């Protein structure tokens, strides 16, 4: 596994698979970033709040694709979710993920 895959996950290959499994999109950017534009139907939980709001995500009972601006915060969020037994992948940055979902 390469360094980038270790840091960011292999989201390129897994996004379509996760969408097919009914995954929810989790936007982990700040409130102002989210208000400035987000992917339709995405759930917004800033990465700084995710630890305290993990049960909200667990209650969804669905796989999760995290995203942020560049992929760094979403990588942290996906890692945290996985450590709490949530099936999650890092979708990367919003622009990249939008292209993968198109």
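Residue numbers (the UniProt record's numbering): 1 to 102. Just so it is clear, CB atoms sit at the ideal spot from N, CA and C, and this is done for glycine as well. Just so we're clear, the structure is a prediction, and the values are computed from it rather than from any experiment.
Of all the options the options, which has the alpha carbon lying nearest to the alpha carbon of residue i?
i          : options           : result
residue 81 : 63, 70 and 98     : 63
residue 32 : 91, 69, 98 and 22 : 69
residue 22 : 56, 65 and 48     : 65
residue 48 : 30, 35 and 56     : 30
residue 94 : 67, 84 and 79     : 67
Is residue i near residue j, with beta carbons less than 8 Å apart?
i           : j          : result
residue 89  : residue 41 : no
residue 19  : residue 43 : no
residue 157 : residue 86 : Because the chain here runs from 1 to 102, residue 157 falls outside it and cannot be looked at.
residue 77  : residue 50 : yes
residue 71  : residue 92 : yes
residue 56  : residue 45 : yes
residue 117 : residue 54 : Absent from the model: residue 117. The displayed extent of the chain is 1 to 102, so no value can be given.
Tell me whether residue i sits in a helix, a strand or coil according to DSSP, three-state version.
i          : result
residue 39 : coil
Exercise for the section: Tell me the start and end of each unbroken alpha helix (DSSP H) in the UniProt domain "Rhodanese" (19–102) that is at least 4 residues and wholly inside, in chain order. Expected result: 31–35, 47–50, 54–60, 72–83 and 94–101, all fully within the UniProt domain "Rhodanese" (19–102).
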